[in-house]
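Under UniProt numbering, the letters of the sequence shown match residues 1 to 274, in that order. Here a beta-carbon is modelled for each residue, glycine too, at the ideal position from N, C-alpha and C. Keep in mind the model is a prediction, meaning the values are calculated, not measured.
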Amino acid sequence: MRLSRPEAIVNYAVLGLFALISLIPIVGVVLTALTPADQATASFAIPRSLDFGNFVQAWNQGRFSQYMLSSVIVTVTTVVVAAVFSILAGFAFARMRFAGRNVLFYLMLIGMFIPLEAYIIPLYFEMRDVGLTDTYAALILPQIAQSVAFGIFWMRGFFAAIPSSLIEAARLDGAGDMRTLWQVLVPVVRPAVITMVMLTFMWTWNDFLLSLVMITSESFRTAPLALSFFQSQFVTQYALLSAAATIVALPLIILYAILQRYFIRGMLAGAIKE
């Protein structure tokens, strides 16, 4: 369907308005982070001069080098493992026939509907009983479990929409299941995989509750949790707080800026039809 020029103008105007509304808080935080400490206030204001030293001071005083490393370890491990499991299981549920397939699939989806808040306390006691609290495993394993539930649901839909003729052609060329999956199907659904990876990265990187409950040692503290402690120490130093918040959010912004084309394609992709 082709939009007329007036309709296109209206659409772009509405989208531009919502984009502006979304960007105003972000711009406000960045401008506050660049404002000299003695001029920063809690309200939105354009600084008379820029002070990039706030980022250096926040980085050093908040010890974010250590906490960002912890977040990278937890997030990258979770994303890689969850992506591999989701692709394998999504392919199995979409293209293989085995007893109890539908029951098992819907059982896996329970992880999407039960929020972390509902089972965080028993999860803590289970982790404590096996000696995993205050370790990276206490953060990585639950995150993988949550992410795989969504990943299976996401990838199954894309694998099921791939034309059967493509798989049959791979079979005729002598490709087995694993070769068909990784060399034929995964490249076809690459935007979906990248979208899943970005969403998993975002959810894992921004996690706060799991880190708050499972971690007491500073050695394993993640960046969002460290930002909370930093806020309690510098509650009235708005420039430092904004700089610290920008530092924690920066990896997500960079990742989206690099992969946004694939992310949008994955989010908008419908069924692949023959």
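### Message
For residue 196 and residue 256, which I take to be in contact (beta-carbon distance under 8 angstroms), what is that distance rounded to the nearest angstrom?
### Response
Taking the Cβ atoms as the reference, residue 196 lies roughly 14 angstroms from residue 256, outside the contact range of under 8 angstroms.
### Task
Determine the extent of the alpha helix (DSSP H) in which residue 126 is found, giving its start and end residues.
Annotation for residue 126: the continuous alpha helix (DSSP H) segment containing it runs 116–129.
### Task
Specify whether the stretch 72–82 and the stretch 202–211 touch according to this definition: at least 3 beta carbon pairs, one from each stretch, less than 8 angstroms apart.
Contact between the stretch 72–82 and the stretch 202–211 is present, because at least three Cβ pairs lie under 8 angstroms.
### Query
Is the stretch 184–195 touching the stretch 96–109, taking contact as three or more C-beta pairs under 8 angstroms?
Verdict: no, contact absent.
### Task
Indicate the three-state DSSP secondary structure (helix, strand or coil) for residue 189 in the structure shown.
Residue 189: coil per DSSP, three-state reduction.
### Query
With burial defined as no fewer than 16 other Cβ atoms inside 10 Å of the residue's Cβ, what is the status of residue 6: buried or exposed?
Of the other Cβ atoms in all chains shown, fewer than 16 fall within 10 Å of the Cβ of residue 6; this residue is therefore exposed.
### Task
Can you give me the start and stop residues for the alpha helix (DSSP H) that residue 8 sits inside?
Where residue 8 is concerned, the enclosing alpha helix (DSSP H) stretches over 5–33.
### Query
Can you give the Cα-Cα distance for residue 162 and residue 45, rounded to whole angstroms?
Straight-line Cα distance between these residues: approximately 51 angstroms.
### Message
Quick check on the DSSP output: the alpha helix (DSSP H) that includes residue 233 runs from which residue to which?
### Response
Its alpha helix (DSSP H) spans residues 223–233.
### At least three beta-carbon pairs within less than 8 angstroms, the stretch 122–137 to the stretch 146–156
Taking 8 angstroms as the limit for Cβ pairs, the verdict is that the stretch 146–156 does not touch the stretch 122–137.
### Message
Counting beta carbon pairs with one atom in the stretch 64–77 and one in the stretch 205–225, are three or more of them shorter than 8 angstroms?
### Response
Yes, they touch.
### Separation of residue 14 from residue 247, as counted between CA atoms
Whole-angstrom Cα-Cα distance: 31 angstroms.
### Task
Within the same chain, show all residues whose beta-carbon is closer than 6 angstroms to that of residue 91, passing over the 5 residues directly before and after it, in chain order.
Its chain contains 159, 181 as the residues whose beta carbon lies nearer than 6 angstroms to that of residue 91, once the 5 sequence neighbours on both sides are disregarded; these appear in chain order.
### Query
For residue 39, does the three-state DSSP call read helix, strand or coil?
Look at residue 39 here: in three-state DSSP terms it is coil, with no helix or strand label.
### Query
From residue 124 to residue 213, what distance separates their C-alpha atoms?
The straight-line gap from Cα to Cα measures roughly 7 angstroms.
### Query
Which word fits residue 64, buried or exposed, when buried means at least 16 other C-beta atoms lie within 10 angstroms of its C-beta?
Around the beta carbon of residue 64, 16 or more other beta carbons sit within 10 angstroms, so the residue counts as buried.
### Task
Taking only the alpha-carbon atoms, compute the straight-line gap between residue 154 and residue 105 and give it to the nearest angstrom.
Approximately 12 angstroms between the Cα atoms of the pair.
### Message
I need the straight-line Cα distance from residue 249 to residue 175, nearest angstrom please.
### Response
Taking C-alpha positions only, residue 249 is separated from residue 175 by approximately 43 angstroms.
### Task
Following the continuous alpha helix (DSSP H) through residue 162, name the residue where it begins and the one where it ends.
Following the DSSP letters along the chain, one finds residue 162 in no alpha helix (DSSP H), marked with neither H nor E.
### Task
Quick one: grab the DSSP three-state call for residue 51.
Here residue 51 sits in coil by DSSP.
### Query
Who are the near neighbours of residue 259 in its chain, counting only those whose CB is closer than 7 angstroms to its CB and skipping five residues on each side?
The beta carbon of residue 259 is closer than 7 angstroms to those of 194, 198 in its chain, skipping five residues each way along the sequence.
### Task
For residue 156, count neighbouring C-beta atoms within 10 Å of its own C-beta (all shown protein chains included) and say buried if the count is 16 or more, exposed if not.
Around the beta-carbon of residue 156, 16 or more other beta-carbon atoms lie within 10 Å, marking it buried.
### Task
Assign residue 142 to one of two classes, buried (16 or more other C-beta atoms within 10 Å of its C-beta) or exposed (fewer than that).
Counting the other Cβ atoms within 10 Å of the Cβ of residue 142 gives 16 or more, which makes it buried.
### Task
Count the other C-beta atoms from every protein chain shown that fall within 10 angstroms of the C-beta of residue 119, then say buried if there are 16 or more, exposed otherwise.
Of the other Cβ atoms in all chains shown, fewer than 16 fall within 10 Å of the Cβ of residue 119; this residue is therefore exposed.
### Task
Kindly give me the distance between the Cβ atoms of residue 127 and residue 138, rounded to whole angstroms, as I take these residues to be in contact under 8 angstroms.
At roughly 5 angstroms, the Cβ-Cβ gap stays under 8 angstroms, so residue 127 and residue 138 are in contact.
#### Entry: DSSP three-state assignment for residue 262, whether helix, strand or coil
Three-state DSSP puts residue 262 in a helix.
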